[in-house]
Amino acid sequence: GQNIDQPTEMTATEGAIVQINCTYQTSGFNGLFWYQQHAGEAPTFLSYNVLDGLEEKGRFSSFLSRSKGYSYLLLKELQMKDSASYLCAPTSGTYKYIFGTGTRLKVLA
Amino acid sequence: KAGVTQTPRYLIKTRGQQVTLSCSPISGHRSVSWYQQTPGQGLQFLFEYFSETQRNKGNFPGRFSGRQFSNSRSEMNVSTLELGDSALYLCASSLSRDGETQYFGPGTRLLVL
Numbered sequence: 065g066q067n068i069d070q071p072t073e074m075t076a077t078e079g080a081i082v083q084i085n086c087t088y089q090t091s092g093f094n095g096l097f098w099y100q101q102h103a104g105e106a107p108t109f110l111s112y113n114v115l116d117g118l119e120e121k122g123r124f125s126s127f128l129s130r131s132k133g134y135s136y137l138l139l140k141e142l143q144m145k146d147s148a149s150y151l152c153a154p155t156s157g158t159y160k161y162i163f164g165t166g167t168r169l170k171v172l173a
Numbered sequence: 115k116a117g118v119t120q121t122p123r124y125l126i127k128t129r130g131q132q133v134t135l136s137c138s139p140i141s142g143h144r145s146v147s148w149y150q151q152t153p154g155q156g157l158q159f160l161f162e163y164f165s166e167t168q169r170n171k172g173n174f175p176g177r178f179s180g181r182q183f184s185n186s187r188s189e190m191n192v193s194t195l196e197l198g199d200s201a202l203y204l205c206a207s208s209l210s211r212d213g214e215t216q217y218f219g220p221g222t223r224l225l226v227l
C-alpha cells in the first residue's frame, strides 16, 4: 500500500521562506507531484520530480530523495496569495493516484 | 485550449437517490480520473479511465461507478446516496501515461440531505 505524511498546518510571515515536507512509502515509485489548492478551488499543478535533487521554478522549488522517500516544497518570498493547501502525490505506475491530506499554509501580514 | 469542465457545479440530493456527474477533459487528453474530497479525508482516488476502460480504482463501495465515452468524456454515478457522500467531486485529465500531469476541473459540490 501507500502511506503519505505531511504536516497538517503551517504558518509563516509574508516575505519569509517556508519548507513543506512530505514523506512517503510506496511500491514501484515513479515520481512525485506537488499541487496547490486554494480554498474552494481545484488543485493546480506546481511541480513533478522524478530524479533526486532540487528543481527550481521561480519562487517555488521542489526537492526529492528517492532513497529516503522524502520530498519538500520550498516557497520563497512568501505572498498572501500563497495561503493555500499544498498536496503531495507520489505516483507508482499503477494509474492509481494517491494524494496526501495536504498542508494548509497560512501566510500572515 | 479549454480546461476541464464539470457539470453540474452544485447539486442537492436526498438519501437514497442516485446522481450522475459529468466531466469533459482537455481536448486530446485520454485519461480521466475521479476524486472525492472531504475536509476530513482529503483527496481520495475513486477511479481512472483511459480509452473507455477502467485502469484502476480506489477503495470505494460498488455504489460508486463510472464510465468513459469514445470522445473521452466521462461520467460517474453514485447510487443509493448516503449522507457521507456529501463532498466535492473532482475530475482530472491527463494525456495518457501514468506520471503525466493531471489537470483538474472545478468540481461538483454534492450535498446529500
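Chains G and W, in that order, give the protein sequences. The numbering of the first sequence is the numbering used here, which starts it at 65 and goes up by one. The numbering of the second sequence is the numbering used here, which starts it at 115 and goes up by one. Virtual Cβ for every residue (Gly too), placed ideally from N, Cα, C. Being a predicted model, the structure only gives us computed values, none of them experimental.
- Here lysine 170/G really is in contact with serine 147/G; their C-beta atoms are around 6 angstroms apart, less than 8 angstroms.
- The residues Ser125, Phe127, in chain order, have a CB closer than 6 angstroms to that of leucine 118/G in the same chain once the five nearest residues on each side in sequence are set aside.
- In terms of beta-carbon proximity, lysine 160/G lines the interface with chain W, with at least one pair separated by less than 8 angstroms.
- Within its own chain, the residues whose Cβ lies closer than 6 angstroms to the Cβ of leucine 135/W, once the five positions on either side in sequence are excluded, are Met190, Tyr203, Thr222, listed in chain order.
- By the neighbour-count criterion, in which a residue is buried when 16 or more other Cβ atoms sit within 10 angstroms of its Cβ, phenylalanine 159/W is buried.
- Per DSSP, reduced to three states, the secondary structure at aspartate 116/G is coil, with no helix or strand assignment.
- Contact between arginine 187/W and serine 138/W is confirmed by a C-beta separation of about 5 angstroms, below the 8 angstroms threshold.
- For phenylalanine 124/G, none of the residues of chain W pass the 9 angstroms Cβ criterion, the least Cβ distance being about 15 angstroms.
- If the five residues before and after lysine 171/W are omitted, its C-beta is found closer than 6 angstroms to the C-beta atoms of Phe161, all from its own chain and listed in chain order.
- Of the residues assessed, aspartate 116/G falls on the exposed side of the cut-off, its CB having fewer than 16 other CB atoms within 10 angstroms.
- Those residues of the stretch 106-122 of chain G placed with their C-beta closer than 8 angstroms to a C-beta in chain W are Ala106, Pro107, Thr108, Phe109, Tyr112, Val114, ordered along the chain.
- The Cβ neighbour count for leucine 197/W, taken over all protein chains shown within 10 Å, is under 16; the residue is labelled exposed.
- Distances from the alpha-carbon of tyrosine 217/W to those of Arg169/W, Ile140/W, Gln168/W, Leu225/W put Ile140/W closest.
- When secondary structure is reduced to three states using DSSP, lysine 170/G falls in the strand class.
- By alpha-carbon distance to tryptophan 98/G, the top candidate from Lys160/G, Thr77/G, Thr155/G, Glu78/G is Thr155/G.
- Within the stretch 166-189 of chain W, contact with chain G at the beta-carbon level (separation under 8 angstroms) is assigned to Arg169, Asn170, Lys171, Gly172.
- In the DSSP assignment, proline 107/G falls outside any beta strand (DSSP E), carrying neither H nor E.
- Considering only Thr128/W, Trp148/W, Arg129/W, the residue with the shortest C-alpha distance to alanine 206/W is Trp148/W.
- The Cβ neighbour count for glutamine 120/W, taken over all protein chains shown within 10 Å, is at least 16; the residue is labelled buried.
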